[in-house]
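A.B. asks:
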Amino acid sequence: MKFSALSLGLIAAFSGAGHAAPVTEYSNCVNVVVMQLVSLFQTGSTAQNFANCGKDDDGSGYASGIINFTTRNGDALKVIKEFMDTSSYNGEFDDYIDTLEEYADSGSSSTKNLDGYCDAWKAAANNTEFWSAQGSVVYNEYNLPSQEYVAEIGIKFSVTQAVLYDTAIVDGLGSGKSTLGGMFKATNNVFDSDVTGSSGNSVTVNDEYQVDEYVWLQKFLDIREKNSSAGRKNIEAYRSIVTRNDLNWSNSVTVTDSDGDDIVIKCKYT
Numbered sequence: 000m001k002f003s004a005l006s007l008g009l010i011a012a013f014s015g016a017g018h019a020a021p022v023t024e025y026s027n028c029v030n031v032v033v034m035q036l037v038s039l040f041q042t043g044s045t046a047q048n049f050a051n052c053g054k055d056d057d058g059s060g061y062a063s064g065i066i067n068f069t070t071r072n073g074d075a076l077k078v079i080k081e082f083m084d085t086s087s088y089n090g091e092f093d094d095y096i097d098t099l100e101e102y103a104d105s106g107s108s109s110t111k112n113l114d115g116y117c118d119a120w121k122a123a124a125n126n127t128e129f130w131s132a133q134g135s136v137v138y139n140e141y142n143l144p145s146q147e148y149v150a151e152i153g154i155k156f157s158v159t160q161a162v163l164y165d166t167a168i169v170d171g172l173g174s175g176k177s178t179l180g181g182m183f184k185a186t187n188n189v190f191d192s193d194v195t196g197s198s199g200n201s202v203t204v205n206d207e208y209q210v211d212e213y214v215w216l217q218k219f220l221d222i223r224e225k226n227s228s229a230g231r232k233n234i235e236a237y238r239s240i241v242t243r244n245d246l247n248w249s250n251s252v253t254v255t256d257s258d259g260d261d262i263v264i265k266c267k268y269t
């Protein structure tokens, strides 16, 4: 079951009422492109698949929903708990909550005692409040935190914002070398002087050095390529955008996938 038109609207809506105001709000185009690319490389389609569910090939237990929320890192549990707080919840996950909490707390990749989990997820996906729960978790757990990094050094370009947002979703937050926080720090630590360039914007690294944003982005992608365990296809796609010098987006962006095929991603769902 795929619902493409609603996902961005849900995520964008969470930038308004009931949530802390972000430091730098992503444009609708950045939101749409990131969500479609993540979906393409996670589930095989740019359409947002709220009912998607299956065992994760990378050892994260079950992966489900629009960004492959996993039972191992606990973001699937956060979606479920948000849904449980709605009037539409019908007990779909009652049999799994204790196990999901145990696995999220311990970071376990086990799927023991989760037989029927995907059936429950797919049943819940018939309900629009479950879609909203997924959008809310994406926004609060990945969108907002990545915006803080964008604001910290003064990133302006759509492509750089999208790369950081994508990294948060695919590689996670935190401070380890394979997470957004670790990669961001490692990139900044490369520079010990000002670096000029022709992109038209400089970022402020470590509160001291002015570094051309294009140069900074290329270095970030190099470090992500070296350390990412899950985002290889995403990195290739964003490198193709950078190669085209397509730094700011308003209507669409063209990416080249790992098979060498060009894909046009529009900045609104149709």
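For the sequence shown, counting from 1, position 99 maps to 98 in numbering that gives the first Met the number 0; every step adds exactly one.
Yeah, the Cβ is synthetic: ideal placement off N, Cα and C, and Gly gets one too.
This one's a predicted model, so the numbers in the text were calculated from it and none came from an experiment.
1. Does DSSP put Y95 in a helix, a strand or coil?
2. Which of the three DSSP states, helix, strand or coil, is assigned to S44?
3. Put N67 into one of helix, strand or coil per three-state DSSP.
4. In angstroms with no decimal places, state the Cα-to-Cα distance between L246 and M182.
5. Only counting the same chain, and skipping five residues up and downstream in sequence, which positions put a Cβ closer than 6 angstroms to that of T42?
6. Within 10 Å of its beta-carbon, does V37 have 16 or more other beta-carbons around it, so buried, or fewer, so exposed?
7. Starting from T203, trace the beta strand (DSSP E) both ways and give me its first and last residue.
8. Tell me whether C266 sits in a helix, a strand or coil according to DSSP, three-state version.
9. How many Å lie between N187 and M34 at the Cα?
10. Among all the DSSP beta bridges, which residues are the ones paired with Q209?
11. Which residue wins for smallest C-alpha separation from E140, given the options Y208, V78 and E224?
12. Is it true that the CB of S228 sits closer than 8 angstroms to the CB of I234?
13. Rounding to the nearest angstrom, what Cα-Cα distance links D191 and L163 in this structure?
14. Tell me the rounded alpha-carbon separation between G134 and V31.
15. Assess, as a yes-or-no matter, whether the segment 55 to 68 is touched by the segment 111 to 119 under the definition of 3 or more beta carbon pairs within less than 8 angstroms.
16. Going by C-alpha distance, which of Q217, A75, G106 and R243 is nearest A185?
17. Grouping DSSP H, G and I as helix and E and B as strand, with all else coil, what is Y61?
18. Determine the burial state of N67: buried for a count of at least 16 other Cβ atoms within 10 Å of its Cβ, exposed for fewer.
19. When DSSP labels each residue in this structure, what does K155 get in the three-state scheme?
20. Compute the distance between the beta-carbons of S108 and G58, then report whether it is under 8 angstroms.
21. Can you check DSSP and say which residues form a bridge with G53?
22. To the nearest angstrom, report how far apart S105 and I96 are at their CA atoms.
23. With a threshold of 7 angstroms on Cβ separation, who are the neighbours of R71 within its own chain once the five nearest residues in sequence on each side are excluded?
24. Residues in its own chain within less than 6 angstroms of S145 by CB, not counting five upstream and five downstream?
25. In the DSSP assignment, find the unbroken alpha helix (DSSP H) run with V252 in it and report its ends.
C.D. replies: Reading it off the structure:
1. As a working note, residue 95 is residue 96 in the sequence shown. Residue state, collapsed to three classes: coil.
2. Translated into the one-based positions of the sequence shown, residue 44 becomes position 45. Reduced to three states, the DSSP call for S44 is coil.
3. Locating residue 67 in the sequence shown gives position 68, where the first residue counts as 1. DSSP places N67 in coil when its eight states are reduced to three.
4. Stepping through the sequence shown from its first residue, residue 246 is reached at position 247. Stepping through the sequence shown from its first residue, residue 182 is reached at position 183. Straight-line Cα distance between these residues: approximately 21 angstroms.
5. Taking the sequence shown and counting its residues from 1, the one referred to as residue 42 is at position 43. Cβ neighbours of T42 beyond the five flanking positions: N48 and N51.
6. Here residue 37 corresponds to residue number 38 of the sequence shown, with the count starting at 1. When all chains shown are included, V37 counts as buried.
7. As a first step, residue 203 is located in the sequence shown; it is residue number 204 there, counting from the start. Here the beta strand (DSSP E) through T203 covers S201 to V204.
8. Reading the sequence shown from its first residue, position 267 is the one you call residue 266. In this structure, C266 counts as coil in the three-state DSSP scheme.
9. Here residue 187 is taken as the residue at index 188 of the sequence shown, counted from 1. Here residue 34 is taken as the residue at index 35 of the sequence shown, counted from 1. So the alpha carbons of these two residues sit roughly 26 angstroms apart.
10. By 1-based counting over the sequence shown, the position of residue 209 is 210. In the DSSP output, where bridge partners are listed per residue, Q209 has T203.
11. In the sequence shown, residue 140 corresponds to position 141, counting from 1. Minimum Cα distance to E140 is reached at V78.
12. Looking up residue 234 in the sequence shown gives position 235. Looking up residue 228 in the sequence shown gives position 229. No; because the gap between Cβ atoms is not below 8 angstroms, this pair is not in contact.
13. Counting from one through the sequence shown, the residue named residue 191 turns up at place 192. Counting from one through the sequence shown, the residue named residue 163 turns up at place 164. Rounded to whole angstroms, D191 to L163 spans 22 angstroms at the Cα level.
14. Taking the first residue of the sequence shown as 1, we reach residue 134 at position 135. Taking the first residue of the sequence shown as 1, we reach residue 31 at position 32. Rounded to whole angstroms, G134 to V31 spans 12 angstroms at the Cα level.
15. yes
16. Counted from its first residue, the sequence shown places residue 185 at position 186. Nearest option by C-alpha distance: Q217.
17. In the sequence shown, residue 61 corresponds to position 62, counting from 1. In this structure, Y61 counts as strand in the three-state DSSP scheme.
18. Counted from its first residue, the sequence shown places residue 67 at position 68. Looking at its Cβ environment, which holds 16 or more other Cβ atoms inside 10 Å, N67 is buried.
19. Residue mapping note: residue 155 aligns to position 156 of the sequence shown, counting from 1. If DSSP states are grouped into helix, strand and coil, K155 belongs with coil.
20. Counting from 1 along the sequence shown, the entry for residue 108 is found at position 109. Counting from 1 along the sequence shown, the entry for residue 58 is found at position 59. Closer than 8 angstroms, so yes.
21. For the purposes of this step, residue 53 is taken as residue 54 along the sequence shown, with counting starting at 1. DSSP, once it has assigned bridges, lists A62 as partnering G53.
22. Within the sequence shown, residue 105 is the residue found at index 106, counting from 1. Within the sequence shown, residue 96 is the residue found at index 97, counting from 1. Computed Cα separation, rounded: 14 angstroms.
23. Taking the sequence shown and counting its residues from 1, the one referred to as residue 71 is at position 72. Contacts found: S59, G60, Y102, G106, S107 and S108.
24. Numbered from its first residue, the sequence shown carries residue 145 at position 146. Here the set comprises L163, Y164 and A167.
25. Here residue 252 corresponds to residue number 253 of the sequence shown, with the count starting at 1. Note, V252: premise wrong, no alpha helix (DSSP H); beta strand (DSSP E) at S251 to T255.
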